[in-house]
C-alpha cells in the first residue's frame, strides 16, 4: 500500500478486520453460509424435480444458482452496515483529522474487500465443483460481484445514517438492546434491496441462456464496481455532514 493517507486508512482497516474478533466472526460466517446456501438450494430443487418427474437426477439450474449467488453476494456486504460501531470512540481521531467522507468510505470498502473478494471467488469455484459444473464459475463470480457491489453501496448509507454503539467487549455475539436492535434490522432491508437491484443479472441469465455463462463475469464486474463507486461518492457526501452525529451514535453509553 502507498505510504500516504489512503494507504494508512486501508492498512488500519485491514488489520482491524483480521484482529477484531467481532469482525472476523462475520467473515467466517460468510464463508460457511456462502457454500451451504447454494448447495442446499440446488439439492432441494433437485429433490422437488425428482418427485415431479419420478427421477432423482441431479440437474442444477444456472438461474437457480444465479439467484443463490446474488443472495450470497448481497450478504457479503452486510458486515459494513454498522462498520463505525466497531470503532466506537476511536472514530473521534478521524473526525478531528477531518478525513473526507469519500476517502473514509473508499478506504474501508477496499480494506474489507481485500478479504471478501478472494472469498467470493473461492465460494464460486468450490460450489461449481461440488455441483459438477466448472463452466459456471465465471457466471457465479459475475453474479457475486454484481450483488456485492450493490450491497456495498446500500450498506455504506446505512453505516452513516443508522449507526449504533456496540458493547465494549470482544464477544462477537454481543449487541446492545433498544435502538441498536431496531437499527440492526435495517441491514435486512439492505440485503433485500441489494439483491433486488441485481435482478437484471438474473433476467440476463434467463434470456441469454448459454451465452450468459461468458458475459456474466465482465458485466457483473462493471455492474458491481459502478454501484460501489456511486455509493461511495454519494454516501461520502452524507458522511461529511454527519461526522459529529455519527461519533455520538457510536459512542457506548455508560
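Numbering (the numbering used here), first residue to last: 73 to 326. Ideal placement from N, C-alpha and C gives every residue a C-beta, glycine not left out.
How big is the Cα-Cα spacing for residue 122 and residue 74? Since pLDDT at residue 122 reaches only 43, below the 50 mark, its modelled position is unreliable, and the value read off the structure follows with that caveat. Approximately 56 Å between the Cα atoms of the pair.
With 16 as the cutoff for other CB atoms within 10 Å, does residue 230 come out buried or exposed? Answer is buried; the Cβ neighbour count reaches 16.
Output the distance between the C-alpha atoms of residue 143 and residue 235, rounded to the nearest integer angstrom. Straight across, the Cα-Cα distance linking residue 143 with residue 235 is about 23 Å.
Looking only at C-alpha atoms, which of 206, 139, 134 and 180 sits nearest to residue 307? Looking at the Cα atoms, 180 is the closest of the given residues.
Alpha helix (DSSP H) containing residue 176: first to last residue? Here the alpha helix (DSSP H) through residue 176 covers 173-203.
With three or more C-beta pairs closer than 8 Å as the rule, is the region 143-153 touching the region 272-291? When C-beta atoms of the region 272-291 are compared with those of the region 143-153, fewer than three pairs fall below 8 Å, so the two segments do not count as touching.
What's the gap between the Cα of residue 228 and the Cα of residue 177? Rounded to whole angstroms, residue 228 to residue 177 spans 7 Å at the Cα level.
Residue 90, buried or exposed, once every other Cβ within 10 Å from all chains shown has been counted against 16: The Cβ neighbour count for residue 90, taken over all protein chains shown within 10 Å, is under 16; the residue is labelled exposed.
With a 10 Å radius around its C-beta and 16 neighbouring C-beta atoms as the bar for buried, classify residue 100 as buried or exposed. Exposed is the call here.
Express the C-alpha separation of residue 302 and residue 174 in angstroms, rounding to a whole number. Rounded to whole angstroms, the separation of the alpha carbons of residue 302 and residue 174 is 10 Å.
Alpha carbon of residue 265 to alpha carbon of residue 295, nearest angstrom: Distance between the alpha carbons of residue 265 and residue 295: 15 Å.
Of the listed residues 270, 273, 225 and 92, nearest to residue 160 (C-alpha basis): Per the Cα distances, 92.
Please classify residue 262: does DSSP put it in a helix, a strand, or coil? Helix, per DSSP.
Quick one: Cα of residue 317 to Cα of residue 111, how far? When rounded, the distance between both Cα atoms is 43 Å.
Where does residue 76 sit, in a helix, a strand or coil, going by DSSP? Reduced to three states, the DSSP call for residue 76 is coil.
Inter-residue CB distance, residue 200 and residue 212 (contact presumed, cutoff 8 Å): With 8 Å as the limit, residue 200 and residue 212 qualify as a contact, their Cβ atoms being about 6 Å apart.
Could you check what DSSP says for residue 270 in three-state terms: helix, strand or coil? When DSSP states are grouped into helix, strand and coil, residue 270 belongs to the coil group.
To the nearest angstrom, report how far apart residue 135 and residue 113 are at their CA atoms. Roughly 12 Å between the two C-alpha positions.
In chain order, what residues of the same chain lie with their CB nearer than 8 Å to the CB of residue 292, ignoring the 5 residues before and after it? Excluding sequence neighbours, residue 292 sits near 213, 214, 215, 216, 217, 218 and 273.
Coil, strand or helix - residue 140 by DSSP: In this structure, residue 140 counts as helix in the three-state DSSP scheme.
Please state whether DSSP places residue 223 in a helix, a strand or coil. Look at residue 223 here: in three-state DSSP terms it is helix.
Return helix, strand or coil for residue 92, following the three-state DSSP convention. Looking at residue 92 - three-state DSSP - the assignment turns out to be coil, as it is neither helix nor strand.
Kindly list the residues whose CB is nearer than 7 Å to the CB of residue 297, restricted to its own chain and excluding five residues on each side of it in sequence; keep chain order. Non-local beta-carbon contacts of residue 297 in its own chain, meaning distances under 7 Å to residues more than five positions away in sequence, involve 221 in chain order.
How many whole angstroms separate the CB atoms of residue 226 and residue 262, which I take to be in contact at a CB cut-off of 8 Å? Between residue 262 and residue 226 the Cβ distance is about 4 Å, and since that is below 8 Å, they are a contact.
Can you tell me whether residue 119 is helix, strand or coil according to DSSP? Legend: pLDDT at residue 119 = 43, less than 50; position of this residue unreliable, value from coordinates given subsequently. Helix, per DSSP.
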